[in-house]
Amino acid sequence: MQAIRIATASGGAASAASTVQQAPLTRREFLKGTGILLGTLAIGTPIAALAPSRAWALELKALDTATGDTLLKFGRVLYPHAQLPDAVYALLVKDLDAMAAADPKVATLLRDGVAGLDRATGGAFAKAKPAAQLAAVKAIEGKPFFATVRGKCVTALYDNEMTWTAFGYPGESFSKGGYIRRGFQDLKWLPDPPADASPPPFLG
Amino acid sequence: MAKIAFDDDSAVVIIGSGAGGGTLANELCQKGIKVIVLEAGATQSVATFINDEWKSFSQLAWLDARTTSGSWRIAKDFPGLPAWICKTVGGTTTHWAGASLRFQEHEFKARKHYGAIKGANLMDWPLTLKDLEPWYDKAEDKMGVTRTHGIPGLPGNNNFKVMHAGATKLGYKQVHTGRMAINSKPRDGRGSCQQIGFCFQGCKSGAKWSVLYTELPKAEATGNLDLRPESHVTRIEHNAVGKVSAVVYFDKAGQEQRQKARVVCVAGNSIETPRLLLMSASDKFRDGLANSSGQVGRNYMRHMTGSVYAAFKEPVNMFRGTTMAGIVGDEAGNNPKRGFVGGYEMETLSLGVPFMAAFLNPGGWGAEFAWWMEHYSQLAGMWLVGEDMPRETNRVTLNANVKDKYGNPVPNVHFDDHPNDVAMRKHAYTQGERVYQAAGAIRSFRTPPYPSTHNLGTCRMGASAADSVCNAYGQTHDIPNLFISDGSQFTTGGAENPTLTIVALAIRQADHIATLMSQRAL
């Protein structure tokens, strides 16, 4: 199976649809990055339909695999969306890894933060029970590590087409002619307002 | 387009090309007056606007460093972004929603009608609604405001259907798709609204009035306009007799330039306008230009705001269609029995998923937050906007500890909500939630204020030079050839979205400047 590579960091708006199709990863590619996250999109979901391949891979530049995996799980505790695949949370890890690669202080903050989460959950945050994970996250709310990861979640998790698709937000509409002929007033479960409150549309 | 020499001192120099500056420029050019417009931002167009919230934000927003202080929640949630306004040709008329409401009569006389409110610096405007009515009329015609001049209202979208159903069930009477400067049918060479749903990101159909593609091209067509984008003004200079004489700015190449001027009009929005006057302090004007009253930068207002989002069992898809074409006007009057003076409007509002994540509950996380995001397609939303109290201590000052790229102090915006603002917000949240409950909401949420889009009052107009910066025409009391041409002039804020009033004042000011110039009084 071919794997799609989660695009290298370039701001918030990476998407499965825009990722580059890659040949299967070789051993050499595994060794090149510091860490790597791998996953598979579930069959039959709208998100899988967007992607050129169900398998995905994220090469890390500054963080190791265990740190990346723990940050991914931390993202899931902060913003728990059962219907979003790990591929979305990998976008968070991608952005955090880019920050870590650009600034050693951030790298240290993230590594120490992950070590703290591991300690708080008796060894491995990534494998801990949900209640223990939540307790560990609540204990560090507002701290710099928490604030850095949570702040990055806002764009990483919610400014991408996989999440938009899952939540029913289509993004741009101009190229499709807006919504004047595509349901801007198609709500049927309430009465239509009278014409003086809401005149009919001009359809040219 | 005109090309006016740096040492030509015959032109009117306008700083800022938004609702105030851009309108003023066109009005003056139409009267045969030479105008230079210095705009800090770059030029975009309907073709370059982007239907993507964050990308558009990067393209249009004013992102130069600013700092905040005070007890308002913005200082905690967005400490570096007190205002959500634009740095681009056309200014914030690229981003604005289009709501175009006249002030009510009593709002021009807030001190008289509200009385002495402790901790508020209320003052009556030096003009009345009757004075402004003919200019409102011209502004509405210019902007193509729906429900005026025989222009039909916009069709309501799904978000409006929810608002209308709930509001009318609650007994509200003034519920319709608003008075909007968005073409409901083709007008003035521009097409009609295509219900794109990205009003805030620059209207790609051009149906929404923006100075960018209305006033400025019309001004250019006269041959009297010299528009200079990417020109960041840092100082206004004056001569020995205390009249302003030149404007210093950095051009697109980063070169410092000095443009001589006959008249200078400042329209940089209510943070940059006072900042520029303060930065232009000299031996003659030690506290900044036009600041003998000490009021420059004070009385900063940002409207009482807040939003209510509500979730329903069925889909709403609020993002489809005109963002703000929906209003409930019943709470806009002054009815102190509610526990506060002044009033507020309820207006439909929608954010996309990216901005919903950023603004629904800044700093929020966990299962609760996730629930709201997952119900995105079932949400309806409204914005609450009302009159806030002017306070002398709410002010824009120069922050000497933080410098911009030109080495100048950045503006600090200090704001503390007045108890009247807090009481009004509480009432508005309650009524907003009741509207949605009446329409069948399963849950509702009180979203705190976004970074300020309505920035007002920092160079207020008034009858007396002792307690105001400019007169009823925006002409500064201290310097006769220096004018304030944006929302900084507002004496008080009213409940209404301010753009229509800014445009009406700009048209009126142009008429006044032309008269004074013809009388050689300027």
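Line by line, the protein sequences are chains A and B.
The opening position of the first sequence corresponds to residue 179 in our numbering, with each subsequent residue numbered one higher.
The opening position of the second sequence corresponds to residue 587 in our numbering, with each subsequent residue numbered one higher.
Each residue gets a CB set at the ideal place from its N, CA and C atoms; glycine is no exception.
- Note: residue 843 of chain B is bridge-paired with B:835 in the DSSP secondary-structure output.
- Chain-ordered listing is empty here: chain B has no CB closer than 7 Å to the CB of residue 273 of chain A, the nearest sitting near 13 Å.
- Judged by DSSP in its simplified three-state form, residue 324 of chain A adopts helix.
- By the Cβ test, the segment 1068 to 1082 of chain B is in contact with the segment 853 to 861 of chain B, since at least three Cβ pairs between them sit closer than 8 Å.
- From the beta-carbon of residue 265 of chain A, no residue of chain B is found nearer than 9 Å; the closest lies around 17 Å away.
- Considering only B:940, B:797 and B:596, the residue with the shortest C-alpha distance to residue 329 of chain A is B:940.
- Interface annotation, residue 294 of chain A: not in contact with chain B, CB-CB separation never under 9 Å.
- B:823 is the residue among B:688, B:823 and B:622 whose C-alpha sits nearest the C-alpha of residue 869 of chain B.
- At a cut-off of 9 Å between beta-carbon atoms, residue 311 of chain A makes no contact with chain B.
- With respect to the C-alpha of residue 1061 of chain B, the residue from B:960, B:621 and B:1094 having the closest C-alpha is B:1094.
- Boundaries of the beta strand (DSSP E) harbouring residue 989 of chain B: 981 to 989, taken from the DSSP string.
- Those residues of the segment 778 to 802 of chain B placed with their C-beta closer than 8 Å to a C-beta in chain A are 778, 779, 780, 781, 782, 783, 784, 790 and 791, ordered along the chain.
- Residues are counted here when their Cβ sits less than 9 Å from a Cβ of chain A; for the segment 1025 to 1047 of chain B these are 1025 and 1026, given in chain order.
- Contact of residue 762 of chain B with chain A is assigned, a C-beta pair being separated by under 9 Å.
- A residue is called buried when at least 16 other Cβ atoms come within 10 angstroms of its Cβ; residue 317 of chain A does not meet this threshold and is exposed.
- Using a CB distance cut-off of 9 Å, residue 895 of chain B does not count as an interface residue toward chain A.
- In the assembly as shown, residue 587 of chain B is an exposed residue. Its beta-carbon has fewer than 16 other beta-carbons within 10 Å.
- In this model, residue 909 of chain B and residue 592 of chain B are separated by some 43 Å (Cα to Cα).
- Rounded to whole angstroms, residue 222 of chain A and residue 274 of chain A show a C-alpha spacing of 30 Å.
- Rounded to whole angstroms, residue 699 of chain B and residue 929 of chain B show a C-alpha spacing of 12 Å.
- Counting only unbroken stretches of 4 or more residues, the alpha helix (DSSP H) elements lying wholly within the segment 983 to 1062 of chain B are 1005 to 1024, in sequence order.
- Per the DSSP secondary-structure output, residue 1078 of chain B pairs with nothing in a beta bridge.
- Out of B:790, B:751, B:1029 and B:866, the CA that lies nearest to the CA of residue 894 of chain B is found in B:1029.
- Residues of chain B whose Cβ lies closer than 9 Å to the Cβ of residue 328 of chain A are, in chain order, 949 and 951.
- Residue environment: residue 818 of chain B is assigned as buried (16 or more neighbouring CB atoms within 10 Å of its CB, all protein chains considered).
- By the Cβ rule, the segment 1036 to 1053 of chain B does not count as touching the segment 916 to 930 of chain B, because fewer than three pairs are nearer than 8 Å.
- By the rule that beta-carbons nearer than 9 Å mark a contact, residue 766 of chain B does not touch chain A.
- Only 898, 899, 900, 901, 902, 903, 905, 906, 907, 908, 911 and 912 from the segment 893 to 918 of chain B bring a Cβ to less than 9 Å from some Cβ of chain A.
- Residue contact check for residue 303 of chain A against chain B: no CB pair falls below 9 Å.
- For residue 727 of chain B, the enclosing alpha helix (DSSP H) starts and ends at 715 to 729.
- When the beta-carbon positions are compared, residue 1079 of chain B and residue 1042 of chain B come within less than 9 Å of each other.
- For chain A, none of the residues of the segment 661 to 690 of chain B brings a beta carbon within less than 8 Å of one of its beta carbons.
- For residue 664 of chain B, the CB contacts under 6 Å within the same chain, skipping 5 residues up- and downstream, are 1037 in chain order.
- Close to residue 342 of chain A, with beta-carbon spacing below 7 Å, are these residues of chain B in chain order: 939.
- Rounded to whole angstroms, the separation of the alpha carbons of residue 845 of chain B and residue 825 of chain B is 14 Å.
- Among the residues facing chain B, residue 382 of chain A is included, as its CB has a counterpart in that chain under 9 Å away.
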